[in-house]
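Chemist: Per the working numbering, residue 71 is the first one in the sequence shown, and the count goes up by one each step.
Just so you know, even glycine gets a beta-carbon here, dropped at the ideal spot from N, CA and C.
Below you'll find the structure I mean.
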Amino acid sequence: MPGKPVNTATKNERKLNFWERLYLPEVLKGLGWSIRKIWKEPSYTFQYPEEQWYPSDNYRGRPVLVQEEGKTRCVSCNLCARACPPMAISMESREIDGPKEREPVWFEIDMLRCIYCGFCEEVCPEEAIVMSKEYDLTFQDREEAIFGLDRLLVPKERLADRLAFLRKQQNPQFGSTWEYPRENNRHSLRDLTTDAESIQTEQ
Ligand code: SF4
Ligand code: SF4
């Protein structure tokens, strides 16, 4: 049994006049309209890559690690890796002498997985990972998309805009200073255990 034809005319369809049914006059009319607009409208397009686009400070480009005095600020706490939704971050930590105590042996971000959400930047206690303004990433293969410390580390002077923006956004809420509630700032099981012990002692 033959099925229902797919392209049946609907009840509300407008009837085309003779010229419209000829098809070509309508195409020429459309082209004429486009050509008129080319000269009248201002240009919104960039001649990329000759012309570059400079995003504002709140733009989230590829995540980078902040380099300070030739070293990474990162203390290899793994928080960013835990917060990263597509699990794009991995690292190996080692203990070192000095106030930092830990640093990454290696640190990698898979840029094919990264969704530029900025969660890593938000959770980092050291302001060691920030969202840069770089948006034009190209790769030849999957291995090339995995950025190590050599490509992630960026001197803090080059990230001054973003670091200043983050500092401006921290804490001031609607014009007043925000008291950071301690219960929101638990980063480890150790904090939870300490809290539980202190509650028991108080009781
Ligand atoms: S921006 Fe988001 S997806 Fe990309 S590395 Fe950071 S947390 Fe992961
Ligand atoms: S959260 Fe910050 S300090 Fe911790 S591992 Fe990530 S980049 Fe390093």
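Can you tell me which residues form a DSSP beta bridge with W176?
Modeler: E162
Chemist: Quick one: using the 10 Å Cβ neighbour count with 16 as the cut-off for buried, is A234 buried or exposed?
Modeler: exposed
Chemist: May I have the straight-line CA-CA distance separating A275 from I159, to the nearest angstrom?
Modeler: The structure shown does not extend to residue 275, since the chain is modelled only from 71 through 273, so no value can be given for it.
Chemist: Does ligand 1 have a heavy atom nearer than 7 Å to the CB of P125?
Modeler: no
Chemist: Per DSSP, V136 forms a beta bridge with which residues?
Modeler: V224
Chemist: Should E196 be counted as a contact of ligand 2 given a C-beta to heavy atom distance under 7 Å?
Modeler: yes
Chemist: Near R183, what residues of its chain come up, given a Cβ to Cβ distance below 6 Å and the 5 sequence neighbours on each side ignored?
Modeler: P156 and A158
Chemist: Are there 16 or more other CB atoms within 10 angstroms of the CB of R132, so buried, or fewer, so exposed?
Modeler: buried
Chemist: By the three-class DSSP mapping on this structure, what secondary structure does V97 have?
Modeler: helix
Chemist: Classify S113 as buried or exposed, calling it buried when 16 or more other Cβ atoms lie within 10 Å of its own Cβ.
Modeler: exposed
Chemist: Can you round the beta-carbon distance between R143 and E196 to whole angstroms, since I take them to be within the 8 Å contact cut?
Modeler: The C-beta distance from R143 to E196 rounds to 5 Å, short enough to fall under 8 Å.
Chemist: Would the beta-carbon of L222 fall within 8 Å of that of V193?
Modeler: no
Chemist: Less than 7 Å between C-beta atoms, sequence neighbours within five positions excluded: which residues of the same chain meet that for E90?
Modeler: E96
Chemist: Under three-state DSSP, which class holds F116?
Modeler: Residue state, collapsed to three classes: coil.
Chemist: To the nearest angstrom, how far is it from the Cα of E138 to the Cα of E121?
Modeler: 31 Å
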